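Undergrad:
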Amino acid sequence: MTAISPAATATPRGRILNVVRMQYVNRMTFVWIPLLILGAVLVFSVVIWVMIPYGGPKYSAGSQALIWYLLAVGIQSLTLTFPFSQAMSVTRREFFFGTYLTAATTAALLAVVTTVGGFIESATGGWGLNGWMFYTAWTWDSGPLGAALSVFALAMLTFTAGFWGATIYKRFGGLGLTLVLVGIGALLIAGLWVIGRLNAWVAVFGWLASLGVVPLSLVVLGIVVVLGATEFWMLRRLVP
Amino acid sequence: MTSVIEVENLTKRYGDVIAVDDVGFQIEKDVIYGLLGRNGAGKTTVMSILTAQNFASRGRVRVFGEAPYENARVLPRMCFVRESQKYPDDAKAPHAFRTASLFFPNWDQELCDRLVADFQLPMNRRIKKLSRGQLSAVGVIIGLASRAEITFFDEPYLGLDAVARQVFYDRLIEDYAEHPRTIILSSHLIDEVANLIERVLVIDQGRIIMDETTDDVRGRATTVVGDATAVESFAAGREVIHRESLGRVVSATVLGTLTDDDRRLLATSGLDVAPVSLQQLIVRMTQRAADGRTQNEGALR
């Protein structure tokens with residue numbers, strides 16, 4: 177008979193890394209499915225490019241399929257993995273940082289894959305078909321790192337949107353989520369109205385165009401940080 | 191006795207509903223508790239507040255002397271798998287077990303493997319496709335193999351057949367004998383767990399109405415068996431909480447501790463004393479608590 181003694185528990189950092197391992201324990205969700213989607217979309221795009229007789233540049237916006245997938249991953253991280261992490265005696269703080277670390281790793285992986293895809297496209301003149309899925313002149317304006325950063329920022333924003341929306345839904349119900357979305361919509365409309373009143377559309381578009389991909393990605397990451405901070409605040413009082 | 195959990199004036203409100211009403215109790219180290227009560231009595235709420243999954247509206251909870259909320263020193267020493275536990279979307283049972291092995295420092299993989307075989311749990315099917323009983327088995331295996339110092343089982347038997355339930359009770363006792371720890375088992379199959387639990391905590395409408403050792407609870411009543419007339423004359427003037435008859439033979443469970451006079455009377459009337467069903471006793475106590483409340487409310491009006 178051996179009495180159970182308080183065994184040494186992992187360090188705080190170790191436990192956050194364990195949350196990452198928990199998220200990746202089934203690598204399907206965070207690794208293989210995104211890559212599978214990307215691969216399938218590329219194959220479909222190539223087939224379509226072959227079918228199009230037009231000789232000029234053909235663009236595929238297929239990589240946005242991933243965006244929707246990451247939105248779903250963000251939602252499920254909260255609705256399913258959060259309650260599971262609670263049963264694993266993980267603190268909310270550990271769950272939050274571990275989950276964001278996982279999302280960032282996946283976003284970085286996607287950024288690398290898309291950038292490598294962009295290199296291949298520009299080297300082969302669009303897979304020899306003048307078809308472009310990864311490479312756009314605007315995102316590659318600041319070189320491959322800028323292009324990678326834009327993908328990373330967009331992936332993080334999508335994941336955060338799902339995670340954040342699901343958290344609002346769980347804490348404040350369907351009505352709460354609707355009110356927040358209506359509120360965001362109202363703010364956007366108000367912004368449009370102000371720009372229209374000031375007759376500033378030309379200036380705004382000029383500014384956006386001149387901003388370049390890197391600053392714009394940084395703005396997106398800034399939004400991610402703000403949403404993430406409110407997410408943390410909500411998660412701290414969330415009941416699974 | 192050292193206590194591992196201390197609860198004072200714990201209250202939980204959901205709007206107008208009071209789920210837990212000013213409750214106080216202590217949980218002693220290395221004891222198996224039965225947390226008993228009707229559906230909606232507040233069992234799950236209490237357990238989720240103790241494990242910091244839920245929040246108290248008022249009151250104080252100490253686990254190993256500390257507040258459990260966001261406390262990475264305390265939480266890994268507890269394991270609470272809910273009755274309606276959710277798992278990541280495409281997770282299979284081995285994924286859940288591998289994750290549990292990361293977070294519970296005393297995790298025993300050998301025990302886990304043995305339990306998987308005992309419960310005949312399919313390892314290749316996604317958890318969301320498992321039957322209710324298999325889903326319960328996943329939770330039971332995590333609870334046992336994590337060997338946490340305080341383990342909560344929230345109606346762990348849902349959907350388990352009689353054989354699987356017995357496997358659970360047997361393994362629990364075996365492993366507890368080798369590795370004593372605090373276990374809090376919520377159940378309403380009271381007679382099934384009666385031989386397992388050393389202490390009884392009965393919660394009813396958010397209040398603790400009983401906090402005693404199982405033996406003391408049993409001592410509160412006696413079942414007498416024998417000829418109908420003899421049983422009835424013994425039971426006259428006593429509160430009978432349960433009565434069964436088969437032809438001329440009647441068995442009656444009467445409240446109250448037996449005095450020496452009672453024992454002599456039983457002997458001379460040729461009556462036998464049989465073990466009391468814990469379930470009947472607790473059902474009666476719960477009803478009595480409810481009656482008491484109605485009377486109090488009546489008096490207030």
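Chains as they are written, first to last, in my numbering: chain G, 177 to 416; chain A, 191 to 491.
We put the CB at the ideal spot given by N, CA and C, even for glycine.
Quick caveat, the model's predicted, so the values are computed rather than measured.
Closer than 7 Å by beta-carbon distance: list the chain A residues that pair up with N194/G, in chain order.
TA: Under the 7 Å cutoff, chain A gives L292, F293.
Undergrad: Determine whether the Cβ of P210/G lies closer than 8 Å to any Cβ atom of chain A.
TA: So, not an interface residue.
Undergrad: Tell me the rounded alpha-carbon separation between K319/A and F287/A.
TA: When rounded, the distance between both Cα atoms is 17 Å.
Undergrad: Looking at V251/A: is its Cβ nearer than 8 Å to the Cβ of G333/A?
TA: No; because the gap between Cβ atoms is not below 8 Å, this pair is not in contact.
Undergrad: Does the distance from the CB of I317/A to the CB of A354/A come in under 8 Å?
TA: No. Outside cutoff.
Undergrad: Rounded to the nearest angstrom, how far is the Cβ of A324/G from that of T291/G, given a contact under 8 Å?
TA: Going by Cβ atoms, the distance from A324/G to T291/G rounds to 4 Å, so yes, they are a contact pair.
Undergrad: Does the distance from the CB of A231/A to the CB of I393/A come in under 8 Å?
TA: Yes, the Cβ-Cβ distance between A231/A and I393/A is below 8 Å.
Undergrad: What does the alpha-carbon distance come out to for the pair W208/G and T343/G?
TA: Going by the C-alpha atoms only, they are around 26 Å apart.
Undergrad: Note down, in chain order, each residue of its chain lying with its Cβ closer than 8 Å to the Cβ of W308/G, except the 5 sequence neighbours on either side.
TA: Answer for W308/G: P233, K234, Y235, S236, E297, G302, listed in chain order.
Undergrad: Quick one: is P229/G buried, meaning 16 or more other Cβ sit within 10 Å of its Cβ, or exposed?
TA: With fewer than 16 Cβ atoms within 10 Å of its Cβ, P229/G is classed as exposed.
Undergrad: Is A442/A helix, strand or coil when you go by DSSP?
TA: Reduced to three states, the DSSP call for A442/A is strand.
Undergrad: With 8 Å as the threshold, decide whether the Cβ of M204/G is near any Cβ in chain A.
TA: With 8 Å as the cut-off, M204/G counts as an interface residue toward chain A.
Undergrad: Please report how far the alpha carbon of A442/A lies from the alpha carbon of M268/A, in whole angstroms.
TA: Going from the Cα of A442/A to the Cα of M268/A covers about 42 Å.
Undergrad: For the region 399-413 of chain G and the region 205-224 of chain A, state whether three or more C-beta atom pairs, one from each stretch, are separated by less than 8 Å.
TA: As far as the Cβ criterion goes, the region 399-413 of chain G does not touch the region 205-224 of chain A, which means the pair count is below three.
Undergrad: Determine the direct distance from the alpha carbon of Q324/A to that of F335/G, and round the result to whole angstroms.
TA: Distance between the alpha carbons of F335/G and Q324/A is about 32 Å.
Undergrad: Indicate whether at least one CB of chain G lies closer than 8 Å to the CB of M268/A.
TA: M268/A counts as touching chain G.
Undergrad: Report the neighbours of Q243/A on chain G: residues whose CB is nearer than 7 Å to its CB, in chain order.
TA: The contacting residues are Q262, V415, P416.
Undergrad: For V289/G, would you say it is in contact with chain A, using Cβ-to-Cβ distances shorter than 8 Å as the test?
TA: False, the Cβ-Cβ gap to chain A never drops below 8 Å.
Undergrad: Spell out a yes or no on whether the region 337-350 of chain A and the region 292-307 of chain A are touching, meaning 3 or more CB-CB pairs, one atom from each, closer than 8 Å.
TA: At 8 Å Cβ cutoff, the stretches touch.
Undergrad: Report yes if the CB atom of T289/A is closer than 8 Å to the CB atom of M264/G, and no otherwise.
TA: Yes, they are a contact pair.
Undergrad: Report the three-state DSSP secondary structure of G238/G (helix, strand or coil).
TA: Looking at G238/G - three-state DSSP - the assignment turns out to be coil, as it is neither helix nor strand.
Undergrad: Mind listing which residues of the region 249-278 of chain G have their C-beta closer than 8 Å to chain A's C-betas, in chain order?
TA: Within the region 249-278 of chain G, the qualifying residues are Q252, T255, L256, T257, P259, F260, Q262, A263, M264, S265, V266, T267, R268, R269, E270.
Undergrad: Determine, using beta-carbon pairs with one atom in the region 193-202 of chain A and one in the region 357-369 of chain A, whether at least three such pairs fall under 8 Å.
TA: As far as the Cβ criterion goes, the region 193-202 of chain A does not touch the region 357-369 of chain A, which means the pair count is below three.
Undergrad: Helix, strand or coil: how does DSSP classify K282/A here?
TA: Strand, per DSSP.
Undergrad: Please state the DSSP three-state secondary structure of E368/A.
TA: DSSP places E368/A in helix when its eight states are reduced to three.
Undergrad: Give the interface partners of D280/A over in chain G, defined as CB-CB distance under 8 Å, in chain order.
TA: Near D280/A (Cβ distances below 8 Å), the residues of chain G are N202, M204, T205.
Undergrad: Any idea if P465/A is buried or exposed, counting beta-carbon neighbours within 10 angstroms, 16 or more meaning buried?
TA: P465/A comes out exposed.
Undergrad: CB L468/A to CB R408/A, shorter than 8 Å?
TA: Cβ distance < 8 Å, so L468/A and R408/A count as in contact.
Undergrad: Quick one: complete beta strand (DSSP E) runs, 3+ long, within the region 244-299 of chain A?
TA: Within the region 244-299 of chain A, the complete beta strand (DSSP E) runs of at least 3 residues are 248-253, 268-271.
Undergrad: Please state the DSSP three-state secondary structure of R203/G.
TA: DSSP places R203/G in helix when its eight states are reduced to three.
Undergrad: When you compare the region 203-214 of chain A with the region 395-403 of chain A, are there three or more beta-carbon pairs, one atom per stretch, that lie closer than 8 Å?
TA: At 8 Å Cβ cutoff, the stretches touch.
Undergrad: Which of the residues in the region 423-443 of chain A, read from start to end, lie with their CB under 8 Å from any CB of chain G?
TA: Answer set for the region 423-443 of chain A: empty.
Undergrad: Considering just the uninterrupted stretch of the alpha helix (DSSP H) at D452/A, what are its terminal residues?
TA: Per DSSP, D452/A belongs to the alpha helix (DSSP H) from 450-458.
Undergrad: Does chain G have any CB closer than 8 Å to the CB of L265/A?
TA: Answer yes: the Cβ-Cβ gap between L265/A and chain G drops below 8 Å somewhere.
Undergrad: Which chain G residues are close to Q275/A, counting only those with a beta carbon under 8 Å from its beta carbon?
TA: P259, F260, A263, listed in chain order.
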